[in-house]
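Visitor: If you use UniProt numbering, the sequence shown corresponds to residues 1 to 72, in order.
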Amino acid sequence: MTAQTPYKTLPIPKDLYIPITYAIYEAIWNAIDKDDPKAKDMVEWYVETIGFSAYSLVEKLKEKGIEVKLPS
1 MTAQTPYKTL
11 PIPKDLYIPI
21 TYAIYEAIWN
31 AIDKDDPKAK
41 DMVEWYVETI
51 GFSAYSLVEK
61 LKEKGIEVKL
71 PS
């Protein structure tokens, strides 16, 4: 597994993948709570890139009246 940065691709050890994706999920959840204007973009990125467990993030945005475009 890897993570793409503007500078290079970073290898992610398999045993760190879940903790890293959870940390990203938690950061996005907090951004939604703080009404961060970038939260919608973050959720759309998460849905496209990580996918699993994104449903609750999408629902949380809907509660705030923000619709997220999901991939078909």
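Here a beta-carbon is modelled for each residue, glycine too, at the ideal position from N, C-alpha and C. Note that the structure is a prediction, hence the values are computed from the model and not measured.
For Pro11, does the three-state DSSP call read helix, strand or coil?
Guide: If DSSP states are grouped into helix, strand and coil, Pro11 belongs with the strands.
Visitor: Just to confirm, are Tyr25 and Tyr46 a CB contact at a threshold of 9 Å?
Guide: Yes, the Cβ-Cβ distance between Tyr25 and Tyr46 is below 9 Å.
Visitor: With distances taken Cα to Cα, identify the nearest neighbour of Trp29 among Pro71, Glu63, Leu70, Asp15.
Guide: Of Pro71, Glu63, Leu70, Asp15, the residue nearest in Cα terms is Glu63.
Visitor: For Ile20, which residues of its own chain have a beta-carbon under 7 Å away from its beta-carbon, when the five flanking residues on both sides are left out?
Guide: Ile12, listed in sequence order.
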